[in-house]
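Engineer: Sending over a structure as structure tokens; questions will come in a sec.
In my numbering, the protein residues as written are 863 to 1061.
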């Protein structure tokens, strides 16, 4: 089961694109529950993610509703709603202004997104906000607390529904699409030398 507990550490906004892949989403949420950062999203960010996974037929509408409930219940302070009028004033891609506005509302200095080109550094710098990829974010967390992040990975491995997928290599192969550098970090770790197949 999850370690989900809300930590009192630095706030980070997760964009919908990094919440879309289920293994990446699980790892980012486990890292927050383990106290490595405090996760935030907005109702719109969550809705965008759920709409897309249903549209792509990855999950059903009922499953999406359960996932929304589970995420909001596990992280009751995660969801923040930007103040009216802030979204229109943010100088970035129109479809992503709400993400920056969410960071402002959450007092977060970091946005994790894999659509990095939609968040110009010049526009964010004036707000004291930085956008980084999920790969960069996970690498930074690994540099700070590799043992904790490894435990998060092991938890994700242990709860794969299909028994044949309860191996570290399955999880890392899934993460490799979004976080190749991070996966290389993990594979090079001495703690995993004794077996990538062990949960």
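Even glycine gets a Cβ: it sits at the ideal position worked out from N, Cα and C.
Distance, Cα to Cα, residue 1013 vs residue 1048?
Structural biologist: As a first step, residue 1013 must be located in the chain shown, where it is residue number 151. As a first step, residue 1048 must be located in the chain shown, where it is residue number 186. So the two alpha carbons sit approximately 12 Å from each other.
Engineer: What are the uninterrupted segments assigned as alpha helix (DSSP H) that are 4 or more residues long and contained completely in the stretch 954-998, given in chain order?
Structural biologist: Segments of the alpha helix (DSSP H) lying fully in the stretch 954-998: 959-968 and 983-987.
Engineer: Curious, which full-length alpha helix (DSSP H) runs of at least 4 residues does the stretch 1022-1056 contain?
Structural biologist: If we require 4 residues or more, the alpha helix (DSSP H) runs fully inside the stretch 1022-1056 come out as 1030-1037 and 1042-1049.
Engineer: When the distance is taken between beta carbons, is residue 967 closer than 7 Å to residue 942?
Structural biologist: As a working note, residue 942 is residue 80 in the chain shown. As a working note, residue 967 is residue 105 in the chain shown. Result yes, Cβ atoms of residue 942 and residue 967 sit closer than 7 Å.
Engineer: Return the residue from the list 1040, 1031 and 1039 that minimises the CA-CA distance to residue 1113.
Structural biologist: The structure shown does not extend to residue 1113, since the chain spans only 863 to 1061, so no value can be given for it.
Engineer: Where does residue 867 fall in DSSP's three states?
Structural biologist: As a working mapping, residue 867 is identified with position 5 in the chain shown. With a pLDDT of only 44 at residue 867, under 50, the local geometry of the prediction cannot be trusted, and no value is derived from it.
Engineer: Determine the contact status of residue 1018 and residue 888, defining contact as a CB-CB distance below 7 Å.
Structural biologist: As a position in the chain shown, residue 1018 is number 156, starting the count at 1. As a position in the chain shown, residue 888 is number 26, starting the count at 1. The answer is yes: Cβ separation under 7 Å.
Engineer: Indicate the three-state DSSP secondary structure (helix, strand or coil) for residue 900 in the structure shown.
Structural biologist: Here residue 900 refers to the residue found at position 38 when the chain shown is read from its first residue. Note: residue 900 maps to strand in three-state DSSP.
Engineer: Taking Cβ to Cβ, would you say residue 898 is nearer than 7 Å to residue 1003?
Structural biologist: Within the chain shown, the letter at position 36 stands for residue 898. Within the chain shown, the letter at position 141 stands for residue 1003. Contact: yes.
Engineer: Is residue 1061 helix, strand or coil by DSSP?
Structural biologist: Working through the chain shown from its first residue, we reach residue 1061 at position 199. Here residue 1061 scores only 46 on pLDDT, less than 50, and its place in the model should not be relied on; the value that follows carries that caveat. It is coil, neither helix nor strand.
Engineer: How should residue 910 be labelled, buried or exposed, when 16 other C-beta atoms within 10 angstroms of its C-beta is the threshold for buried?
Structural biologist: In the chain shown, the residue the question calls residue 910 occupies position 48. Result: buried.
Engineer: Out of 997, 1009 and 1006, which has the shortest C-alpha to C-alpha gap to residue 1046?
Structural biologist: One-based indexing of the chain shown puts residue 1046 at position 184. Residue 997 is the option with its Cα nearest to residue 1046.
Engineer: Under three-state DSSP, which class holds residue 894?
Structural biologist: As a first step, residue 894 must be located in the chain shown, where it is residue number 32. In the structure shown, residue 894 sits in a helix (DSSP, three-state: H, G or I).
Engineer: Can you check which of these residues, 922, 940 and 890, is closest to residue 905 by C-alpha distance?
Structural biologist: Residue 905 sits at position 43 when you count from the first residue of the chain shown. Looking at the Cα atoms, 940 is the closest of the given residues.
Engineer: Do residue 900 and residue 873 count as a contact pair if the criterion is CB distance below 7 Å?
Structural biologist: The count along the chain shown starts at 1 and reaches residue 873 at position 11. The count along the chain shown starts at 1 and reaches residue 900 at position 38. Yes, the pair counts as a contact, with Cβ atoms nearer than the cut-off.
Engineer: How many whole angstroms separate the CB atoms of residue 993 and residue 978, which I take to be in contact at a CB cut-off of 8 Å?
Structural biologist: Taking the chain shown and counting its residues from 1, one reaches residue 993 at position 131. Taking the chain shown and counting its residues from 1, one reaches residue 978 at position 116. Confirmed, Cβ separation roughly 6 Å.
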